[in-house]
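Worksheet: the structure to be examined is printed underneath.
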Amino acid sequence: MGLVENYELYEILGLHIFGRKMQHELILIDDLLFALVGIEGRYISIKRVHGKADVVSFQVDSSMDLALQEFAKRIFPLCESYLLIDEFVESRSQFKHGLVNHAFAAALRAFLLDYQAMVAQLEHQFRLRRLSIQGLWFYCQPMTGSMQALSTVIRKVSANNYAGSAVLNLLQSQAKAMAGDSAVRSLLEKMTHSASNAYLSILERWIYEGVIDDPYDEFFIAENKSLQKESLTQDYDAKYWRQRYSLKKDIPSFLANIAGTILTTGKYLNVMRECGYNVQGDFLVHFMDIAREELLKKHDEISVEKLQSLLDLALRTTAAAADPCHEDLTCCVERSSVLKGLSRLKDLDIKNVSHGNDLEEPISITGLETFSLSYKIQWPLSIVISRKALTKYQLIFRFLFHCKHVERQLCGAWQMHQGVRALNSHGTAISRSSLLCRSMLRFINSLLHYLTFEVLEPNWHVMHGRLQTAKSIDEVIQHHDFFLDKCLKECLLLLPELIKKVEKLKSLCLQYAAATQWLISLSIDIPKLDEQSDGSVGSGKLKSKNPSQVQKVMTRNSAVTDSILKFEREFNAELQSLRPILSSSSQAEPYLTHLAQWILGAGNDQ
């Protein structure tokens, strides 16, 4: 800008043919272009009120033509709004004013860039001698309403020193007040959305973690850090629960109806995290995590000593350390599968299990199939828990342990599918694979539910009740042996036809989980299975590749599609073949009725 500096310039440009009024108009347009970005000109000056930073006015020289003065005064509100917004952006861009104000200022800065682009275009038209004072007013009108609405918000924010929820509520109320002007309302709603992003990040951590990450005290939940969990033992009236976290007065209007629910949700998570911070989980899950690398080896390559040290570590670092007998727990690695192990129990009615070629030993079994727990049984407890009884316990444990391993692998595969949910994979191989994964998970979860809650737990309670009334060692041994035999039978271990089908389904699930890692790895970056430390496939962070590459894999790779379809056909076929066996067996063995209802329902997901 600065096109018009003095009368001599007009002569150079050949503009001397215009009258004095035209010269004033050109000078005024040049000044107004400066004023639109907050700069004084030859005939336009800026006046500020002392002590009121948000009160600013533009004035035009009284010697200017009255008609031109009137046009200038129409444009001045836009100039004043720009100056006010620009100064607000500069002052509120510092984090000391809070994350919401900072985000609001960033959104305003982006808006001002569009505004400045408009002024630059007007200047370009002026240089081409295509812009009159009327044209300038015409082009400025659409922006005036938006700028004035924003300046109104800014004045209120500055005057009341608003931050956090107050800023969001003000923006939202102003947007509702501008219902008659769709353009201005849309702009204010956009500003509200931008300003609320930082606020919603604080809300997200509170809801999902029970943590208030609010360095500038903007969140609507206040934390009283003087109340610590150690005070719970002397807390007579539950102050920790009622006063550690409380609602403030300033609550975003769009969260007002659910503020109490949000407070309670975070409080529960916080209490579980704070008060249960040192409470360790199941030692067996921890052991499966830390011993996974060793258990993946072939059974003849496994170091039992290393497994024992890892088991001791898991026992000492979890709640199991409180058990006075935890040091008597040991581990061992068998040399055969569970089905082969059943053949050693000569006194059981296992018929086809103890002989024949139905028992197919896997070509290469790993520690996951052969690992077992053992126990140092001291006298006189060894009278009741004989070596044979301990073997029965081990067979049940090995079956459960391997089922849990299958579940963990499928959960890992499911997590990997969730990592690509954002991709538009509907109707592709990954979409079909996700449905198959869900069906397999339902199968293995149903099986584990049946084994634990339908068989082991109720039978344990029955045995415990009978032992309370036993009058002799013989009765104790009888009740204990009956419990073990009943558990073996109801866990399907004495039903060769059923157990073979279940083992086949488990094998398919493991093959699928391994194949899924390969499929998903074509579309996202993940750590290799054996490099993960938590024992589940896909537990690492997933990083998407180029969407076009993903779509190419999902739609054009026929090998992937064929592989998924093959797994689906085989899994469904095995489930269907299991249906008549379970149906016929449940008539003779009523306890199988629940298993049939749970497992056969897994096939309905497809």
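When we follow the numbering used here, the leftmost residue of the sequence shown carries the number -1, and every step to the right adds one. Ideal placement from N, C-alpha and C gives every residue a C-beta, glycine not left out.
A buried status is given to ILE210, since no fewer than 16 other beta-carbon atoms sit within 10 Å of its beta-carbon. Across the set LEU110, TYR391, ASP472 and THR328, the C-alpha of THR328 shows the shortest separation from the C-alpha of PHE285. Rounded to the nearest angstrom, the Cβ distance from LEU388 to LEU408 is 31 angstroms, too far for a contact under 8 angstroms. Here the C-alpha atom of LEU490 lies approximately 25 angstroms from the C-alpha atom of VAL474.
GLY463 has its alpha-carbon roughly 58 angstroms from the corresponding atom of GLU216. Under the three-state reduction of DSSP, GLN376 is assigned to coil, being neither helix nor strand. For VAL331, the enclosing beta strand (DSSP E) starts and ends at 327 to 331. Beta-bridge partners of ALA220 (DSSP): SER244. Here ARG385 carries a helix assignment [DSSP, helix/strand/coil].
Contact between the region 118 to 130 and the region 23 to 30 is present: three or more C-beta pairs spanning the two stretches fall below 8 angstroms. For GLU566, the closest alpha carbon among the candidates ALA594, LEU106, PHE218 and SER429 is that of SER429.
Taken through DSSP and simplified to helix, strand or coil, ARG40 comes out as coil.
Between HIS400 and VAL453, the C-beta spacing is not below 9 angstroms.
The C-alpha of TYR589 lies about 16 angstroms from the C-alpha of PHE480.
Of the other Cβ atoms in all chains shown, 16 or more fall within 10 Å of the Cβ of GLU405; this residue is therefore buried. Contact between the region 191 to 203 and the region 102 to 121 is present, with at least three C-beta pairs closer than 8 angstroms. Annotation for GLU587: no alpha helix (DSSP H) segment contains it, and DSSP assigns it neither H nor E. Annotation for LEU81: GLY36 and VAL54 place their beta carbon closer than 7 angstroms to its own, counting only its chain and skipping 5 residues before and after.
Sorting GLN123, ILE381 and GLN306 by C-alpha distance to the C-alpha of ILE471 places ILE381 at the top. Note on geometry: alpha-carbon atoms of ILE42 and ARG72 lie some 13 angstroms from one another. Residue nearest to GLN123 within the set LEU31, ALA571 and ARG396 is LEU31 (criterion: CA-CA distance). Taking the Cβ atoms as the reference, LEU465 lies roughly 6 angstroms from HIS477, within the contact range of under 8 angstroms. Annotation for LYS484: the continuous alpha helix (DSSP H) segment containing it runs 471 to 488. Within a 10 Å sphere around the beta-carbon of ILE300 sit 16 or more other beta-carbons, which makes this residue buried. In the same chain as VAL165, and ignoring 5 residues on each side of it, the C-beta atoms closer than 7 angstroms to its own belong to VAL98, ASN99, PHE102, VAL155 and ALA193, in chain order. A buried status is given to GLY264, since no fewer than 16 other beta-carbon atoms sit within 10 Å of its beta-carbon. Ranked by Cα distance from LYS502, the first of THR559, LEU576, THR450 and GLU488 is LEU576. In this structure, LEU169 and VAL151 form a Cβ contact; the two beta carbons are roughly 6 angstroms apart against a cut-off of 8 angstroms.
Counting along the chain, the unbroken alpha helix (DSSP H) around PRO75 starts and ends at 64 to 90.
Residue pairing of THR142 in beta bridges, as defined by DSSP: absent, with no partner found. Collapsing the DSSP output to three states places ARG127 in coil.
According to the DSSP secondary-structure assignment, GLN57 is paired through a beta bridge with SER43. Residues VAL182 and LEU185 of the same chain have their beta carbon placed closer than 6 angstroms to that of SER144, with the five preceding and five following residues left out of the count. Residue pairing by DSSP puts LEU371 in a beta bridge opposite CYS329. The closest CA to that of ILE497, considering only ALA147, TYR160 and ILE394, is found on ILE394. Here DSSP, grouped into helix, strand and coil, assigns LYS296 to strand.
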